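One structure below.
Residue numbers (this note's numbering): 155 to 308.
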């Protein structure tokens, strides 16, 4: 009985701030903040936001790559226009693009390439980056489980 009480007490008193909770991934650029899904493995990066008919305002997807390199994105099976910010390993935006819905989303023809190497890419609903005043050179903060995922991918 005493062991059960000690174990329960240890769980209750354990530091809650050591790890972020899954699902609390956020990205902040200036005063704007987005709640994001994380795409940190090959399968989730390939799938991206494909198949979505909507991406709610204030949300998006953070793509995390193991290293900085030129990045190429397309709108495979994506039915909503998106903004993409390409972000360096130092957390600086190196390029911003708006990606249009393709006439045939199953066979996208347009490729959106980063002008400089990037380790991260943030996709959000089209128009949100411009509305927030986001531009090349801005500093990006990864918060909550987004920060944890970026550290784990190194």
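All C-beta atoms, glycine included, are put in the ideal place defined by N, C-alpha and C.
Since the model is a prediction, treat every value here as computed from it, not as a measurement.
field: Closest Cα partner of residue 214 within the set 220, 304 and 203
entry: Start at 1 with the first residue of the chain shown, and residue 214 comes out as number 60. Answer by Cα proximity: 203.
task: Specify, as a first and last residue, the run of the alpha helix (DSSP H) that residue 201 falls within.
output: Position 47 of the chain shown, counted from the first residue, corresponds to residue 201. First-last of the alpha helix (DSSP H) with residue 201: 196 to 201.
- request: Go through its chain and collect everything with a Cβ distance to residue 167's Cβ below 6 Å, but skip five positions before and after it.
  value: Along the chain shown, one-based indexing puts residue 167 at 13. Here residue 167 scores only 30 on pLDDT, less than 50, and its place in the model is too uncertain to base an answer on.
message: In the DSSP assignment, the alpha helix (DSSP H) including residue 284 goes from what residue to what residue?
response: Taking the chain shown and counting its residues from 1, the one referred to as residue 284 is at position 130. That run of the alpha helix (DSSP H) goes 282 to 285.
message: Is it buried or exposed, residue 211, if we count other Cβ atoms within 10 angstroms and call 16 or more buried?
response: The residue labelled residue 211 in the question sits at position 57 within the chain shown. Counting Cβ neighbours within 10 Å, residue 211 comes out exposed, since fewer than 16 surround it.
message: residue 250 and residue 289 - do their beta-carbons sit closer together than 9 Å?
response: Residue mapping note: residue 289 aligns to position 135 of the chain shown, counting from 1. Residue mapping note: residue 250 aligns to position 96 of the chain shown, counting from 1. Yes. Within cutoff.
- prompt: Between the C-alpha atoms of residue 241 and residue 282, what's the straight-line distance to the nearest angstrom?
  reply: Residue numbering aside, residue 241 sits at position 87 when the chain shown is read from its first letter. Residue numbering aside, residue 282 sits at position 128 when the chain shown is read from its first letter. Their backbone Cα atoms lie some 16 Å apart in a straight line.
- prompt: What three-state label does DSSP hand residue 302 in the structure shown?
  reply: Residue 302 sits at position 148 when you count from the first residue of the chain shown. If DSSP states are grouped into helix, strand and coil, residue 302 belongs with the helices.
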